[in-house]
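Count the sequence shown with the numbering used here and you get residues 94 to 160, in order.
From the three backbone atoms N, C-alpha and C, an ideal C-beta is built for every residue, glycine too.
Bear in mind the structure is a predicted one, so any value in this text is a computation, not a measurement.
Structure first, commentary second.
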Amino acid sequence: MTVTPQKIFEINYREAGSNSYYTAKCGREVYTSKSLSYLKNKVWDLGATFTIKSARSVADQLLSVRR
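Written out as structure tokens, the structure reads:
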């Protein structure tokens with residue numbers, strides 16, 4: 094029996110004025126939605142897991158590199 098590794102999607106929030114949305118990305122697979130709960134359910138339905146990255150955590154990472 095072959096065991097394949099589970100996919101791990103990264104969910105990000107994209108701010109675009111009134112058209113802000115979430116993206117779930119794993120390799121070349123990308124899903125978008127205005128609803129975070131929809132994306133979480135979509136990823137779970139695919140049998141995968143996810144991590145959520147916030148804009149704040151990305152900004153914190155950039156600031157720590159500059160220090």
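Within the DSSP bridge table, the entry for Ser128 names no partner. In the structure shown, Lys100 falls within a coil segment according to DSSP collapsed to helix, strand and coil. Only residues of its own chain outside the window of five on either side were considered, and among them Thr142 have a CB closer than 6 Å to the CB of Ile101, listed in chain order.
Using a 10 angstroms sphere on the CB of Val123, the tally of other CB atoms stays under 16, which defines it as exposed. For the 8 Å CB-CB criterion, Ala117 and Lys135 form a contact.
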